Amino acid sequence: MLFSGSTAIPRKEVKKEKKADRDEKLEVQESVFVRWLASIVDEEIKDYKDLCDVRHLAAVAQLVTGQDVSHYRDRSLAD
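Here is the structure:
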């Protein structure tokens, strides 16, 4: 029996939809992580990339380890 038409979605379209869903989930996860991090750290954090700043990273490390990490210096500031 032959079918004259198909209602199936092409594979390329399915892949595009899945990628869009993954991208949306990633954005939500990043947003939730940043809000959570900002709530537990006294520093203002607007983006997860702010963790590249030594001050923010040190604050997170101090919370995680429970040890004072303020005596470590940023190597880029060293002579």
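1 is the number of the first residue of the sequence shown in full-length UniProt numbering; add one for each residue after it. Where is the CB? At the ideal position from N, CA and C, for every residue including glycine. Values in this document were obtained by computation on a predicted structure and should not be read as measured data.
- Pairing Lys46 with Ala59, the inter-Cα distance amounts to about 15 Å.
- Taking C-beta atoms under 8 Å as the contact rule, Tyr48 and Val34 qualify, at a distance of about 6 Å.
- With respect to Glu30, Ala38 sits apart: the two C-beta atoms are not nearer than 9 Å.
- For Ser39, the enclosing alpha helix (DSSP H) starts and ends at Arg11 to Ile40.
- For Asp42, same chain residues with a beta-carbon under 8 Å away, outside a window of 5 residues either side, are Ala59 in chain order.
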